[in-house]
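Novice: Starting off with a structure, shown below.
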Amino acid sequence: MTESLPVVTLRVPTEEDAYAWHEVFDDPDVMEFHGGPAELSVYMELTARQRASDAQHGFCLWTLLDADGRVIGFTGAQHWARDWGPVGEIEIGWRLARSAWGRGYATAAARETLARLRASGVREVVAMVDSRNERSVAVTRRLGMHLGETFRTPQSQRAGYCFRLAL
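One rule links them: number in my numbering = place in the sequence shown (from 1) + 450.
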């Protein structure tokens, strides 16, 4: 049986997308594993950084649009920039508006991300997931990722997983 996934569009984030990301992520449930809701300035900086990443590397955290063209989050890839965890590796990730949960958007968008990364010559990706985030763990399984390492985040000391996938 073939899994039916929704139609999604990924685009390089615009300046206006900072406002949309701020709006759709201004929800404690959405931000439960990301330190809580953030100020608009965080998304202004993040979208600018993603435009630069796309220009330099050909990938970034792309704005995720549903079939009607509404911003429902982001998905994509970026270099792991922290000094712990999979330093220097390429991480895929996703974050969706609460209203988009449970509908296949994260899986559809992540599969599109993987296709784009394969086409650009990326050989392996990781997904860093809080161990309590069952929804994201489920997405990694649907993508065929395997658990590589277990870690503790330096600040919160929460348990997390590093999933891996060879492309």
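Yeah, the Cβ is synthetic: ideal placement off N, Cα and C, and Gly gets one too.
Check this for me: beta carbons of W544 and A556, under 7 Å apart or not?
Specialist: Yes, Cβ-Cβ distance for W544 and A556 is below 7 Å.
Novice: Quick check: the segment 538 to 553 against the segment 468 to 486, are there 3 or more CB pairs under 8 Å?
Specialist: As far as the Cβ criterion goes, the segment 538 to 553 touches the segment 468 to 486, which means the pair count is three or higher.
Novice: How far does the alpha helix (DSSP H) with T563 in it reach, from first residue to last?
Specialist: Residues Y555 to A569.
Novice: Check whether the Cβ atoms of G594 and L455 lie closer than 7 Å to each other.
Specialist: No, the pair does not count as a contact, with Cβ atoms beyond the cut-off.
Novice: Please state if the CB of L511 and the CB of F524 are separated by a distance shorter than 7 Å.
Specialist: Yes, these two residues count as a Cβ contact at 7 Å.
Novice: How about the segment 560 to 580 and the segment 608 to 615: do they share at least three Cβ pairs that are nearer than 8 Å?
Specialist: Enough Cβ pairs lie closer than 8 Å, so yes.
Novice: Rounded C-beta distance between H529 and G535? I'm assuming under 8 Å.
Specialist: At roughly 12 Å, the Cβ-Cβ gap does not stay under 8 Å, so H529 and G535 are not in contact.
Novice: Rounded to whole angstroms, what is the Cα-Cα separation between L597 and A560?
Specialist: So the alpha carbons of these two residues sit roughly 17 Å apart.
Novice: Provide the residue span of the beta strand (DSSP E) that contains L514, from first to last.
Specialist: Start and end: L511 to L515.
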